[in-house]
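In my numbering, the protein residues as written are 2 to 419. Where is the CB? At the ideal position from N, CA and C, for every residue including glycine.
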């Protein structure tokens with residue numbers, strides 16, 4: 002707006018390096034199996050897996066907090082966070098045209114989670130802690146059908162929402178001591194909740210998946226176990242594992258045939274039997290596993306809170322990193338003198354050198370538990386000079402990352418500029 006008012010052209014985004022790995026379920030494979038979709042700041046990136054060409058969906062004015070794709074891939078929906086006192090927007094995008102289909106404004110402060118119905122007629126949206134409501138939208142009419150409080154007053158925050166796999170009038174929500182099955186009566190325009198009975202168990206649900214036949218739903222909890230709930234009786238059928246629980250909780254869950262894919266808070270990715278909850282295969286990577294998404298029948302992708310995207314094979318769980326970036330604020334960027342084919346960036350824990358043409362990481366210099374505030378290439382390009390919050394100035398070689406020299410106690414409260 003401001004740029005247009007004073008006659009300046011708007012800069013168009015052409016390429017990005019990064020992935021908002023802290024968004025739950027943020028990494029998705031599009032049903033065409035040629036693109037992956039993920040959030041980055043206030044933008045949604047649609048990336049071609051073979052050509053690496055990126056397209057962007059820009060319309061939010063704050064960070065994207067959740068994203069989902071409809072069953073056929075015709076729609077993409079995204080919700081955002083905003084500041085206290087303001088309403089957070091949900092946008093439904095037309096995937097083919099890469100344009101906004103409609104904007105839905107009702108929730109306060111934050112949109113926690115969203116889900117499409119199987120027939121793509123409805124969108125369920127879940128407000129955050131300051132909102133506490135669940136709303137069902139008619140996509141064709143671009144208006145709310147009905148809404149309700151997401152949980153009883155004695156329960157905590159509701160974290161996740163998922164539609165049934167077949168029934169377009171049933172969806173489920175889960176969170177802190179709340180697990181509900183909702184049924185839509187479209188004629189009366191109401192959604193009727195039924196609380197699931199967990200018996201003596203007290204759990205905080207972080208992720209939900211529903212079986213293909215709508216018979217059961219499976220919930221991942223902060224306690225590191227999986228709850229199996231009968232969708233008809235709304236009763237707990239079984240739960241597990243009883244002994245070998247997942248450390249730091251289950252953050253993502255996928256159902257494939259008769260097995261689960263589980264992503265845990267300690268970086269563990271496991272293939273688990275549905276009936277016995279026994280682990281078949283397991284690997285551990287860096288960061289919390291916030292996203293798991295299937296890629297064909299033989300592979301899947303995992304996204305972590307450290308902004309890494311892994312491509313993993315089902316057969317032996319061998320993996321490769323297909324995307325990496327800083328997971329915290331990027332504090333400085335520097336190009337060598339008269340050379341624009343590579344650049345360096347700095348953040349918490351590390352300095353990274355990138356190829357500007359391919360966006361590939363060439364070098365990573367790690368200083369654990371320290372923050373690099375500023376970097377600069379020397380005029381001859383033979384050193385990277387860096388400023389750190391421990392008061393030291395360090396120089397590294399750009400080819401190997403080897404420390405050339407360090408100046409101790411350059412400043413007593415950290416070096417912030419060079």
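Runs of the beta strand (DSSP E) lying entirely within the region 167 to 247, each at least 3 residues long, are 171 to 176, 179 to 186, 191 to 196, 206 to 211, 217 to 222, 227 to 231 and 237 to 241 in chain order. Taken through DSSP and simplified to helix, strand or coil, residue 140 comes out as coil.
Just so you know, the alpha carbons of residue 312 and residue 36 end up roughly 13 Å apart. Secondary structure of residue 371 (DSSP, three-state): strand. Using a C-beta cut-off of 8 Å, the region 239 to 249 makes contact with the region 216 to 231, since at least three inter-stretch Cβ pairs fall below that distance. Between residue 166 and residue 217, the alpha-carbon positions lie close to 10 Å from each other. Contact check for residue 291 and residue 254: beta-carbon distance about 12 Å, past the 8 Å limit, so the pair fails to qualify. With contacts defined by Cβ atoms closer than 7 Å, residue 153 and residue 114 do not form a contacting pair. By the CB criterion at 7 Å, residue 74 and residue 91 fall outside the cutoff. If the five residues before and after residue 306 are omitted, its C-beta is found closer than 7 Å to the C-beta atoms of 22, 23, 288, 289, 291 and 328, all from its own chain and listed in chain order. DSSP places residue 104 in the uninterrupted beta strand (DSSP E) bounded by 100 to 109.
Counting every other CB atom within 10 Å of its CB across the protein chains shown gives residue 104 a total below 16, marking it as exposed. Just so you know, the alpha carbons of residue 190 and residue 225 end up roughly 37 Å apart.
In the displayed model, residue 164 falls within a strand according to three-state DSSP. For the pair residue 156 and residue 134, the CB atoms are not nearer than the 7 Å cut-off. For the set 340, 372 and 369, the Cα lying nearest the Cα of residue 357 is the one of 340. Within 10 angstroms of the beta-carbon of residue 298 lie fewer than 16 other beta-carbons, which makes it exposed. The shortest C-alpha to C-alpha distance from residue 266 to any of 250, 256, 419 and 280 is the one to 250.
Distance check between residue 300 and each of 262, 330, 269 and 337 places 262 closest, using alpha-carbon atoms only. Setting aside the 5 residues that flank it on each side, residue 100 is surrounded in the same chain by 94, each with a C-beta closer than 8 Å to its C-beta; the list follows chain order. Rounded to whole angstroms, the separation of the alpha carbons of residue 67 and residue 26 is 7 Å.
In the structure shown, the three-state DSSP call for residue 90 is strand. In the structure shown, residue 409 adopts coil according to DSSP, grouped into three states. Around the beta-carbon of residue 131, fewer than 16 other beta-carbon atoms lie within 10 Å, marking it exposed.
Taking C-alpha positions only, residue 213 is separated from residue 259 by approximately 11 Å.
According to the DSSP assignment, residue 295 belongs to the beta strand (DSSP E) that extends over 290 to 296.
Note on residue 369: under 16 other CB atoms within 10 angstroms of its CB, so exposed under the neighbour-count rule.
In this structure, residue 30 lies away from residue 39, with their beta-carbon atoms at least 7 Å apart.
The secondary-structure analysis by DSSP pairs residue 347 across a beta bridge with 333 and 352. Sequence-distant partners of residue 389 (beyond 5 residues in either direction) whose C-beta falls short of 8 Å from its own C-beta, in its chain, are 368, 371, 372, 373, 374, 395, 415 and 416. Judged by beta-carbon spacing, residue 139 lies beyond the 7 Å limit of residue 168, meaning their Cβ atoms are not closer than that value.
In the three-state reduction of the DSSP assignment, residue 251 falls in the strand class. Here the region 140 to 147 makes no contact with the region 168 to 180; the two share fewer than three CB pairs at distances below 8 Å.
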